[in-house]
Amino acid sequence: AERSYVMIKPDGVQRGLVGEIITRFERKGFQLKGLKLFQTPEDLAKEHYKDLASKPFYGKLVDYIISGPVVAMIWEGDGVVASARKLIGATNPLAAEPGTIRGDFAVEVGRNVVHGSDSPENGEREIGLWFEETEVVEWTRDMTPWLKE
Ligand code: GTP
Ligand code: MG
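For the sequence shown, the residue numbers in full-length UniProt numbering are 95 to 243.
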């Protein structure tokens, strides 16, 4: 099944948006498979965003991600990667549509509250970086027959 790595960044945790953000993924109908509050080591932040290493904002981005705890999550479901990015909204919060997380709760790209994987392949890569195998929980959600025909 398709999985996305979704992370509430330190600004989202500090601003008390954890419940609000989890609620949006829950009520959409995706299934939570992993969840932890986590202080990110610098090496992991650098590895996670390594594709952006040549960007001028890379240093600031790494400092932002390690500036406080994050909430690391695995969400599973058909089409979850693209759908999560729709729920999250555009990278620049001022361009993000109202109704999206960034559109509703943020004003700057450097404080955009939440991360979502940009492809299923990167989802698996990121889940491997952020979670131990023992932290991924296999469980049957009884709600599924009411969501999927
Ligand atoms: P993520 O879900 O966090 O990966 O965001 P994204 O996929 O919408 O954007 P991208 O992967 O291109 O950039 C990763 C993160 O780098 C963004 O979410 C921002 O936090 C940060 N970022 C991107 N562009 C800029 C920029 O121009 N300035 C600053 N300060 N940060 C940026
Ligand atoms: Mg990205």
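All C-beta atoms in this analysis are idealised placements derived from N, C-alpha and C, irrespective of residue type, glycine included.
Within 9 Å, strictly: CB atoms of residue i and residue j
i, j, result
"residue 156", "residue 132", "no"
"residue 174", "residue 232", "no"
"residue 100", "residue 160", "no"
"residue 197", "residue 107", "no"
"residue 208", "residue 103", "yes"
"residue 179", "residue 212", "yes"
"residue 199", "residue 114", "yes"
"residue 256", "residue 206", "Here the chain covers residues 95 to 243 and nothing more, so residue 256 does not appear."
"residue 128", "residue 229", "yes"
The beta strand (DSSP E) enclosing residue i, as first and last residue numbers
i, result
"residue 99", "97–102"
"residue 210", "208–210"
Residues bridged to residue i [DSSP beta-bridge criterion]
i, result
"residue 182", "DSSP output for residue 182 lists no bridge partner at all."
"residue 169", "98, 126"
"residue 239", "DSSP output for residue 239 lists no bridge partner at all."
"residue 187", "Bridge partners of residue 187: none, in fact."
N- and C-terminal bounds of the alpha helix (DSSP H) containing residue i
i, result
"residue 197", "195–199"
"residue 219", "214–224"
Beta-carbon separation (whole angstroms), residue i vs residue j, contact threshold 8 Å
i, j, result
"residue 188", "residue 122", "That pair is no contact at about 24 Å."
"residue 222", "residue 98", "Their Cβ separation, rounded to whole angstroms, is 13 Å, which puts residue 222 and residue 98 out of contact at 8 Å."
**Study point:** Ranges of the beta strand (DSSP E) found wholly within the region 107–166, counting only runs of at least 3
**Key:** 125–132
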